[in-house]
Amino acid sequence: MTLPLFFAGEREITEKYNNKEVIISFDEFFIPEKKALYNFILKSVSFSEDANDIYQDTALRAFKYFRKFDTLKRFKPWIFSIALNEIRKHFKNKIQSSDVHSIENLFEQIPDTQNRELTEAVYSAAYSLKINEREIFFLFYDSGFNISEISEITGKNQGNVKVILSNARKRVKSFLRSKK
Amino acid sequence: MSKKIKDEDIRDVLNSMNFDIPLEIDKKVNEIIYSESIQAGFLRRIFRTSNPIIKWIPAFASIILIITLGLIQSNRNVPERKLLSEINIEYELKDKNIKIIWVKKENFLLRRLKK
């Protein structure tokens with residue numbers, strides 16, 4: 000029996016597979032993805048502290064609507080699409096000027112073992128992209144989604160996603176050239 | 000830095016800057032989810048119970064409420080409506096026992112009769 004939505008917010012849901020009842024736990028799906036989710040949000044909001052609130056809202060929303068999640072599909076794109084909506088809401092409410100966060104502070108955290116020039120170029124290129132382009136850039140390069148998954152998460156067609164990624168790649172190259 | 004940038008290079012750079020979720024945020028999220036699941040669980044347990052009578056309790060309660068409200072409404076003392084609101088004696092002939100009175104009805108309306 001499908002329960003009405005006001006019962007939403009379950010740690011475990013029971014579904015029938017081949018006439019057998021299977022208990023599906025929210026934690027089982029959420030815990031392996033939460034670090035990637037947090038980092039995607041963090042990078043999308045330019046490492047600002049708002050990431051904590053967005054992460055919290057995303058987790059709670061996912062938990063509330065877990066009953067609606069099709070367990071035959073992958074959980075990661077589903078929860079990332081929720082996160083993306085929360086990020087978009089955040090940018091809608093925020094004055095655009097406050098979007099510029101301390102990227103310089105971020106560069107201070109780059110480990111010495113790492114190629115500093117490339118790291119700075121990649122992040123500078125990412126933050127010079129438009130918000131909707133930047134989210135695709137991070138979904139592909141940071142969260143490891145493929146083109147069709149990104150298309151599903153963002154609601155953009157696959158051709159558009161490819162063009163945005165190619166532009167982002169060109170921008171990284173031009174940043175590196177300008178650093179020379 | 001003239002070498003070609005591969006997707007893997009960008010991926011490595013981005014993944015090297017991954018941070019752990021702050022402990023207090025992780026704890027807070029767990030607490031919120033836990034309290035939400037307890038709240039939902041209480042209602043769910045009632046709804047999912049194997050006793051079919053319990054499932055019908057909200058329906059029974061609403062039927063009883065409707066009947067009670069209906070009874071209250073029907074037993075209410077509705078004040079009787081006065082047909083004549085005002086009577087005045089206009090003229091009196093006591094020797095002939097004649098009284099001409101003027102009456103005002105509460106629902107009086109001036110109507111023109113249709114021919």
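Residue numbers (numbering that gives the first Met the number 0), protein chains in the order written: chain A, 0 to 179; chain B, 0 to 114. Where is the CB? At the ideal position from N, CA and C, for every residue including glycine.
- Counting along the chain, the unbroken alpha helix (DSSP H) around A/Val121 starts and ends at 115 to 127.
- Taking 7 Å as the Cβ-Cβ cut-off, the segment 23 to 36 of chain B approaches chain A at Ile24, Lys27, Val28, Ile31, Ile32, Glu35, Ser36, given in chain order.
- Excluding sequence positions up to five before and after A/Phe39, its CB lies within less than 8 Å of the CB of Phe79, Ala82, Phe137, Leu138, Asp141, Ser142, all in the same chain and listed in chain order.
- By the rule that beta-carbons nearer than 8 Å mark a contact, A/Lys34 touches chain B.
- Contact between A/Asp56 and A/Glu85 holds, with the beta-carbon distance rounding to 5 Å and staying under 8 Å.
- If you look at B/Ile66, you'll find it in the alpha helix (DSSP H) that goes 56 to 73.
- Residue nearest to B/Val12 within the set A/Arg115, A/Glu151, A/Arg60, A/Lys172 is A/Arg115 (criterion: CA-CA distance).
- Under the Cβ criterion of 8 Å, B/Ile20 is counted among the residues facing chain A.
- Within the model, the alpha-carbon separation for A/Val44 versus A/Val121 is close to 16 Å.
- Rounded to the nearest angstrom, the Cβ distance from B/Val28 to A/Ala58 is 5 Å, consistent with a contact under 8 Å.
- In the structure shown, B/Ile20 adopts coil according to DSSP, grouped into three states.
- Around the C-beta of B/Tyr33, fewer than 16 other C-beta atoms lie within 10 Å, and the residue is accordingly described as exposed.
- As computed with DSSP, A/Asn166 is found in no beta bridge at all.
- Taking a Cβ-Cβ cut-off of 7 Å, B/Arg75 has no neighbours in chain A, whose nearest Cβ is about 36 Å from it.
- Under the three-state reduction of DSSP, A/Glu134 is assigned to helix.
- Spanning the alpha carbons of B/Ile66 and B/Ile20 requires a straight line of approximately 56 Å.
- Rounded to the nearest whole angstrom, the CA to CA distance from A/Phe68 to B/Ile52 is 31 Å.
- Using a Cβ-Cβ cut-off of 7 Å, B/Ile9 is close to Val121, Tyr140, Val171 of chain A, given in chain order.
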